[in-house]
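Q: Next up is a structure, given as structure tokens.
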Amino acid sequence: MPQSRFYHSVLYSILCILLLFLVTGCAFQGATVLEDKSHEMSSIVVAGFFPVLAPGEEPGIIRGPLQGAVYMAHPVPQDVVEKMSESVYSRMTEKGYELISPEQAKGVLASLHFSKPKMEGVELYSEIGKTLSADGVLVGYIFRWWEREGKDFAVDRPASVGFDLYLLRSENGAVVWRGKVDKTQQSFFENLLDAGTFFKSKGKWVKAETLAEMGLSELLLKFPKNIGKTEKE
Numbered sequence: 004m005p006q007s008r009f010y011h012s013v014l015y016s017i018l019c020i021l022l023l024f025l026v027t028g029c030a031f032q033g034a035t036v037l038e039d040k041s042h043e044m045s046s047i048v049v050a051g052f053f054p055v056l057a058p059g060e061e062p063g064i065i066r067g068p069l070q071g072a073v074y075m076a077h078p079v080p081q082d083v084v085e086k087m088s089e090s091v092y093s094r095m096t097e098k099g100y101e102l103i104s105p106e107q108a109k110g111v112l113a114s115l116h117f118s119k120p121k122m123e124g125v126e127l128y129s130e131i132g133k134t135l136s137a138d139g140v141l142v143g144y145i146f147r148w149w150e151r152e153g154k155d156f157a158v159d160r161p162a163s164v165g166f167d168l169y170l171l172r173s174e175n176g177a178v179v180w181r182g183k184v185d186k187t188q189q190s191f192f193e194n195l196l197d198a199g200t201f202f203k204s205k206g207k208w209v210k211a212e213t214l215a216e217m218g219l220s221e222l223l224l225k226f227p228k229n230i231g232k233t234e235k236e
């Protein structure tokens with residue numbers, strides 16, 4: 004009898020540990036905040052996403068224009084960039100900031116490319132923020148977008164996405180927040196700690212867009228809300 008109770012106790016402990024893994028695995032494992040400094044902003048230009056490499060360019064190791072980040076980059080289609088830009092703008096409306104759209108940012112960017120062709124990176128985005136009288140600029144870079152090869156329940160290659168997102172202060176170009184998503188979908192048994200993705204995808208192998216939206220959603224949960232507005236409310 005004592006031995007039976009012992010085995011039941013061990014089994015219960017194992018089940019509790021597995022449950023803990025599943026609960027912690029519900030977070031999107033590919034989404035991490037790399038930097039988050041204390042700051043207050045009321046208005047943000049959502050410049051949107053840009054490809055590290057455009058279609059037709061050769062894959063390779065590329066140094067990004069912000070903070071010297073190094074990417075193993077692959078070409079990203081323009082329609083993907085536009086969809087992701089629309090998505091981040093839409094999701095940011097929940098954060099309480101006064102937002103300036105990617106379309107408005109695109110107009111200023113085109114003007115600066117013409118008037119100041121050598122301006123790039125942090126200096127360029129800082130200038131966009133100043134021109135549009137915003138406190139900050141949110142800009143992202145997509146360095147990988149591999150589409151799923153196969154169907155919902157059988158794949159030759161799973162979807163894989165990778166992108167960074169930066170919040171810069173317009174005044175001096177300082178990066179005050181940085182997030183990263185680097186995710187390749189895995190099966191439930193390949194990675195129990197990423198069980199959350201399995202359940203969110205209902206056990207299916209998802210397309211790259213769905214995987215990216217999962218990652219972006221989880222990442223922006225960690226994006227700070229407008230402090231000033233929150234205090235007033």
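At position 34 of the sequence shown (counting the first as 1) the number is 37 in our numbering, and the numbers step up by one without a gap.
Note that CB positions come from ideal geometry on N, CA and C, so glycine has one too.
In this text, all values refer to a predicted model and were calculated from it rather than measured experimentally.
With DSSP as the reference, label K133 as helix, strand or coil.
A: Taking the first residue of the sequence shown as position 1, residue 133 is located at position 130. If DSSP states are grouped into helix, strand and coil, K133 belongs with the helices.
Q: Could you work out which residue in F53, W208 and R94 is closest to L219 when comparing CA atoms only?
A: In the sequence shown, residue 219 corresponds to position 216, counting from 1. Nearest C-alpha to L219: R94.
Q: If we call anything under 7 angstroms between Cβ atoms a contact, is F52 one with V84?
A: Walking along the sequence shown from the start, residue 52 turns up at place 49. Walking along the sequence shown from the start, residue 84 turns up at place 81. Yes, these two residues count as a Cβ contact at 7 angstroms.
Q: Give a yes or no on whether the C-beta atoms belonging to V79 and V140 are separated by under 7 angstroms.
A: Along the sequence shown, read from residue 1 onward, the residue named residue 79 stands at position 76. Along the sequence shown, read from residue 1 onward, the residue named residue 140 stands at position 137. No, the pair does not count as a contact, with Cβ atoms beyond the cut-off.
Q: Relative to the C-alpha of R152, which residue among V209, L102 and L170 is closest?
A: Position 149 of the sequence shown, counted from the first residue, corresponds to residue 152. It is worth fixing the name first, because residue 152 is Glu in this sequence and not Arg. Ranking the options by Cα distance to E152, first place goes to V209.
Q: Taking DSSP as the reference, what is the three-state secondary structure of P215?
A: Taking the sequence shown and counting its residues from 1, one reaches residue 215 at position 212. In the sequence under discussion, the amino acid at residue 215 is Ala, which differs from the Pro named in the question. Three-state result, A215: helix.
Q: Would you call the CB atoms of E130 and A211 closer than 7 angstroms?
A: In the sequence shown, residue 130 corresponds to position 127, counting from 1. In the sequence shown, residue 211 corresponds to position 208, counting from 1. Against a cut-off of 7 angstroms, the Cβ pair of A211 and E130 comes out as no contact.
Q: Between G124, M75, Q81 and L115, which lies nearest to G63 when the distance is taken from Cα to Cα?
A: Numbered from 1 along the sequence shown, position 60 holds the residue referred to as residue 63. The residue with the shortest Cα to Cα distance from G63 is M75.
Q: With DSSP as the reference, identify every bridge partner of W149, one or two as the case may be.
A: Position 146 of the sequence shown, counting from 1, holds the residue named residue 149. W149 pairs with S163.
Q: Go ahead and pull the three-state DSSP assignment for G143.
A: As a position in the sequence shown, residue 143 is number 140, starting the count at 1. G143: strand per DSSP, three-state reduction.
Q: To the nearest angstrom, how far is the alpha carbon of E174 from that of T96?
A: Here residue 174 is taken as the residue at index 171 of the sequence shown, counted from 1. Here residue 96 is taken as the residue at index 93 of the sequence shown, counted from 1. Taking the straight line from one Cα to the other gives about 23 angstroms.
Q: In whole angstroms, what is the alpha-carbon distance linking Y100 and S114?
A: Residue mapping note: residue 100 aligns to position 97 of the sequence shown, counting from 1. Residue mapping note: residue 114 aligns to position 111 of the sequence shown, counting from 1. If I take the Cα positions, the gap works out to 25 angstroms.
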